[in-house]
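Notes follow once the structure below has been shown.
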Amino acid sequence: MPRRNHTGRYTRSVDLEVFPMTAITPPRMTPTAVRILDTAEVLFYLHGLRAVGVERIAEEAETTKKTIYDRFGSKDGLITAYLAQRRDRWHAYALAFVDRHEPDPGAARVLALLRALDSWMDDNARGCGFVNAYAELAGTGHAGLSIIADEKQWTRDYYVELLTEAGIADPQRRGRELALVHEGVVVQLTAGAQPHAMADARSLAGRIVGPWP
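Following this line, the structure appears as structure tokens:
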């Protein structure tokens with residue numbers, strides 16, 4: 001089965017050594033808005049959504065609270081933009097990692113998504129930004145919750161795609177199971193309770209994929 005060409009929204013030519021520190025610029029954002037969003041991303045991730053106020057973001061971004069509200073509408077709007085940027089950053093990283101390390105369809109390409117996660121988490125000391133954000137936003141009806149849900153759906157869909165292009169049987173079921181393993185290890189790594197979590201996840205994922213000729 002031919003591979004899907006990931007072009008358009010996400011790039012396939014990402015330098016993996018540079019990408020984690022390279023900003024993704026949403027369409028029609030001014031340089032000031034980009035600076036605000038990049039500053040907010042660092043602060044929200046390191047310190048939490050509630051703990052970081054607009055005043056601190058303005059100070060570190062060398063701008064004003066009024067400018068932040070003009071560009072993003074509210075702190076909630078900035079949080080939503082942060083989650084969207086982090087989602088897009090991770091998706092681009094994962095797609096580039098899988099394509100670079102396992103370009104040919106097969107079981108190894110399916111399992112490369114967990115390798116991408118392992119590499120990504122090495123540069124993200126507080127674990128998963130989405131898990132951390134969900135802990136603060138759950139039950140609030142915040143617009144950012146839909147971005148978190150979209151991220152989880154993307155993981156399931158991408159596993160299904162990788163399984164399908166490899167010709168592995170029952171890709172829908174196996175994709176759901178792999179997504180559960182993926183999300184489980186994300187939580188374990190974020191909580192920091194299981195030093196062998198990633199090795200165990202990769203072992204379990206290999207059994208889900210099953211023998212592949």
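Taking full-length UniProt numbering, the leading residue of the sequence shown gets 1, the next gets one more, and so forth. A virtual CB, placed ideally from N, CA and C, is assigned to each residue, including glycine.
Does DSSP classify Leu49 as helix, strand or coil? To locate residue 49, count along the sequence shown from 1; it is residue 49. Here Leu49 sits in coil by DSSP.
Classify Pro195 as buried or exposed, calling it buried when 16 or more other Cβ atoms lie within 10 Å of its own Cβ. Counting from 1 along the sequence shown, the entry for residue 195 is found at position 195. Exposed: under 16 other Cβ atoms inside 10 Å.
Out of curiosity, what's the CA-to-CA distance linking Met29 and Asp70? Counted from its first residue, the sequence shown places residue 29 at position 29. Counted from its first residue, the sequence shown places residue 70 at position 70. Each residue's alpha carbon lies about 12 Å from the other.
Mind checking which residues open and close the alpha helix (DSSP H) that includes Gln194? In the sequence shown, the residue the question calls residue 194 occupies position 194. Careful: Gln194 lies outside any alpha helix (DSSP H) and carries neither H nor E.
Taking the alpha helix (DSSP H) that Glu102 belongs to, which residues open and close that run? Sequence index remark: in the sequence shown, residue 102 carries index 102 (1-based). From DSSP, Glu102 is part of no alpha helix (DSSP H); its letter is neither H nor E.
Check whether the Cβ atoms of Leu178 and Ile147 sit closer than 8 Å, and answer yes or no. Position 178 of the sequence shown, counted from the first residue, corresponds to residue 178. Position 147 of the sequence shown, counted from the first residue, corresponds to residue 147. No.
Would you say the beta carbon of Ile57 is closer than 7 Å to some non-hydrogen atom of the ligand COA? For the structure depicted, the ligand COA is absent and the ligand set is empty, with no information on it obtainable.
Rounded C-beta distance between Glu151 and Phe130? I'm assuming under 8 Å. To locate residue 151, count along the sequence shown from 1; it is residue 151. To locate residue 130, count along the sequence shown from 1; it is residue 130. Rounded, the Cβ-Cβ distance is 6 Å, consistent with contact.
Here's a check: name, in chain order, each residue in its chain whose Cβ is nearer than 6 Å to the Cβ of Gly144, leaving out the five neighbours to either side. Along the sequence shown, one-based indexing puts residue 144 at 144. The residues are Ile79, Thr80, Leu83, Leu137.
By the 10 Å Cβ neighbour count, where 16 or more other Cβ atoms means buried, how is Glu62 classified, buried or exposed? Within the sequence shown, residue 62 is the residue found at index 62, counting from 1. It counts as exposed.
Give the C-beta separation of Tyr134 and Ala116 to the nearest angstrom, bearing in mind that I take them to be a contact with Cβ-Cβ under 8 Å. Here the question's residue 134 lines up with position 134 in the sequence shown. Here the question's residue 116 lines up with position 116 in the sequence shown. Tyr134 to Ala116, Cβ: 21 Å. No contact.
Please report the residue range of the alpha helix (DSSP H) in which Ala143 lies. As a first step, residue 143 is located in the sequence shown; it is residue number 143 there, counting from the start. Element bounds for Ala143: n/a, residue is neither H nor E.
Can you tell me whether DSSP reads Asp170 as helix, strand or coil? Here residue 170 refers to the residue found at position 170 of the sequence shown. In the structure shown, Asp170 sits in coil (DSSP, three-state: anything other than H, G, I, E or B).
With a CB to CB cut of under 7 Å and the five nearest residues on each side skipped, what residues in its chain are close to Arg156? Residue numbering aside, residue 156 sits at position 156 when the sequence shown is read from its first letter. Here the set comprises Gly175, Arg176, Ala179.
Would you mind giving the Cβ-Cβ distance between Val98 and Ala166, rounded to the nearest angstrom? I have them listed as a contact below 8 Å. For the purposes of this step, residue 98 is taken as residue 98 along the sequence shown, with counting starting at 1. For the purposes of this step, residue 166 is taken as residue 166 along the sequence shown, with counting starting at 1. Val98 to Ala166, Cβ: 12 Å. No contact.
Best match in Gly53, Ala58, Asp88, Leu95 for proximity to Tyr158 [C-alpha to C-alpha]: Your numbering for residue 158 matches position 158 in the sequence shown. Among Gly53, Ala58, Asp88, Leu95, the Cα nearest to that of Tyr158 belongs to Leu95.
Mapping the DSSP letters down to three states, classify Thr80 as helix, strand or coil. As a position in the sequence shown, residue 80 is number 80, starting the count at 1. It is helical.
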